[in-house]
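Comments concern the structure below.
Residue numbers (our numbering): 34 to 252.
So, in structure tokens, the structure goes:
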């Protein structure tokens with residue numbers, strides 16, 4: 034991984050155009066080829082980025098990052114404050130707790146819990162920023178990304194938002210809708226998700242397992 038702190042401006046040309054004026058930013062170049070530009074006031078979310086497959090061409094203080102679709106990030110560096118490289122080694126991956134992992138497995142097996150006509154594409158669908166829990170298609174063939182949590186909180190919504198932003202850059206998948214699924218979804222998380230056009234789904238663990246309690250049934 035390469036970390037460059039520099040005073041720079043950034044121009045993006047693709048399906049949209051965007052401009053970041055001259056300022057001090059963090060340029061993050063990862064081993065998978067991705068390049069992202071970060072500020073100091075947006076937590077984990079980059080200001081702009083280019084996902085692999087892409088390539089970086091350095092011509093002195095002019096960087097050009099381009100992908101197969103012809104989209105470009107042009108980074109003009111005025112001053113380099115720091116430029117370091119680190120080898121992070123193999124990533125063992127996020128270990129989900131047992132309930133969360135089992136919820137993912139069960140929902141994949143019973144994908145029509147999401148709606149009639151849904152079909153599974155893949156569990157743990159890989160992206161440059163981590164795997165999406167479930168990628169599936171709805172009855173109309175549209176792509177749907179599902180993030181599964183035991184407790185649905187704001188950070189889970191933010192995580193799904195990042196996946197959706199990335200997946201919607203892929204013309205073979207876009208447009209991609211999101212579903213935030215959890216056993217319990219906090220009101221703030223539900224409000225944020227719905228504001229971003231993400232559907233919320235409360236999961237019944239016992240029903241998915243087929244072991245719904247009959248304690249209060251008469252028959």
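Even glycine gets a Cβ: it sits at the ideal position worked out from N, Cα and C.
query, result
"Helix, strand or coil for residue 122, going by three-state DSSP, please let me know.", "coil"
"Can you check DSSP and say which residues form a bridge with residue 68?", "62, 83"
"Tell me the DSSP bridge mates of residue 94?", "Paired residues: none, contrary to the question."
"Span of the beta strand (DSSP E) holding residue 158?", "152-158"
"Rank 227, 202, 213, 69 by C-alpha distance to the C-alpha of residue 103 and give the top, closest one.", "202"
"Measuring alpha carbon to alpha carbon, tell me which of 105, 112, 135, 84 ends up nearest residue 55.", "112"
"At the level of alpha carbons, what is the spacing between residue 232 and residue 123?", "34 Å"
"Assuming contact is defined by CB atoms lying nearer than 8 Å, are residue 83 and residue 63 in contact in what I supplied?", "no"
"Let's see if you can read the secondary structure: which residues bound the alpha helix (DSSP H) around residue 238?", "238-242"
"Taking 8 Å as the cut-off, does the stretch 80-97 touch the stretch 166-176 (at least 3 CB pairs, one atom from each stretch)?", "no"
"Please list, in chain order, all residues of the same chain as residue 135 whose beta carbon is under 7 Å from its beta carbon, the five residues on each side excluded.", "none"
"Can you look up residue 53 in the DSSP assignment and give me helix, strand or coil?", "strand"
"Grab me the residues of residue 38's own chain with a C-beta within less than 6 Å of its C-beta, minus the 5 sequence neighbours each way, in chain order.", "59, 114, 115"
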